[in-house]
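Following: one structure in structure tokens, then a few remarks.
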Amino acid sequence: NPTPCKDPTDKLFTVHGLWPSNSNGNDPKYCNAQQYQTMKILEPQLVIIWPNVLNRNDHEGFWRKQWEKHGSCASSPIQNQKHYFDTVIKMYTTKKQNISEILSKANIKPGRKNRTLVDIENAIRNVINNMTPQFKCQKNTRTSLTELVEVGLCSDNNLTQFINCPRPFPQGSRYFCPTNIQY
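Set out below in structure tokens:
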């Protein structure tokens, strides 16, 4: 909400961001005042894998926000803004980070069905070297069912291998995923 989702089911999961993380505290934000440059050369790829799902008319604004808030903190190994966006594209297309594809290959297809979180987790772990992803769920206000809305994959500082994601959302959090969810 407020934008209805009309994407094909193989595009249900898109990139939300590439964020540097601090496993022992708050994630860094707004670290560097580098001026954002329009990404016209990468736009065709970014629109597909990293759309602004809340405002389909302002992808560029979303990418700018992601760069300024998160990408600006990713120095080493990220060298500059273009490298940041190139890295996202490469990670999605070559590093097995297409969650929709991973789940589909495990015969877990969207359809508003009840699923066990462990089945979804195992399908993803099988592709990311048995590392633990992070799940974000939300209660659908119309149906009162809990839906999987985001999957986080974590990597080492060099962006070369998957690692276990820290800090799952605790029970009681609005993003907590129970044992059974809708997907």
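Every letter in the sequence shown is one number past the one before it in full-length UniProt numbering, and letter 142, counting from 1, is 142.
We treat Cβ as the ideally placed atom computed from N, Cα and C, and that holds for glycine.
Quick caveat, the model's predicted, so the values are computed rather than measured.
For Gly152, the residue or residues it bridges with in DSSP: Gly152 is bridged to Gln134.
Whole-angstrom C-beta distance between Leu42 and His59, which should lie under 8 Å: Incorrect: roughly 11 Å between the Cβ atoms, too far for contact.
Residues bridged to Ser173 (per DSSP): Partner residues in a beta bridge of Ser173, as assigned by DSSP, do not exist.
Bridge-paired residues (DSSP) for Ser75: Note: Ser75 is bridge-paired with Ile78 in the DSSP secondary-structure output.
Beta-carbon proximity check, Ser76 vs Asn32, cutoff 8 Å: Cβ atoms of Ser76 and Asn32: not closer than 8 Å.
C-alpha distance - Glu121 paired with Thr132, whole-angstrom precision: The straight-line gap from Cα to Cα measures roughly 8 Å.
Same chain only: Cβ atoms within 8 Å of Lys82, ignoring 5 sequence neighbours per side: The beta carbon of Lys82 sits closer than 8 Å to the beta carbons of Gln37, Met39, Leu42 from its chain, once the five residues preceding and following it are set aside; these are given in chain order.
Contact check, Gln138 vs Gly152, beta carbons under 8 Å: No, they are not a contact pair.
Asn1 - DSSP class collapsed to helix/strand/coil: With a pLDDT of 47 at Asn1, under the threshold of 50, the predicted position of this residue should be treated as unreliable, and no value is reported.
8 Å Cβ cutoff met for Trp50 and Thr87: No, the Cβ-Cβ distance between Trp50 and Thr87 is not below 8 Å.
Under the three-state DSSP convention, the category Gln182 falls into: The answer is strand: DSSP assigns Gln182 an E or B state.
Exposed unless 16 or more other CB atoms sit within 10 angstroms - verdict on Tyr92: Counting Cβ neighbours within 10 Å, Tyr92 comes out buried, since at least 16 surround it.
Local conformation of Ile41 per DSSP, three classes: Here Ile41 sits in coil by DSSP.
CA-to-CA distance, Leu145 to Pro28, given in whole angstroms: Taking the straight line joining both Cα atoms gives about 33 Å.
Beta-carbon gap between Asn164 and Cys154 smaller than 8 Å: Yes, the pair counts as a contact, with Cβ atoms nearer than the cut-off.
Span of the beta strand (DSSP E) around Asn114: Note, Asn114: beta strand (DSSP E), 114-116.
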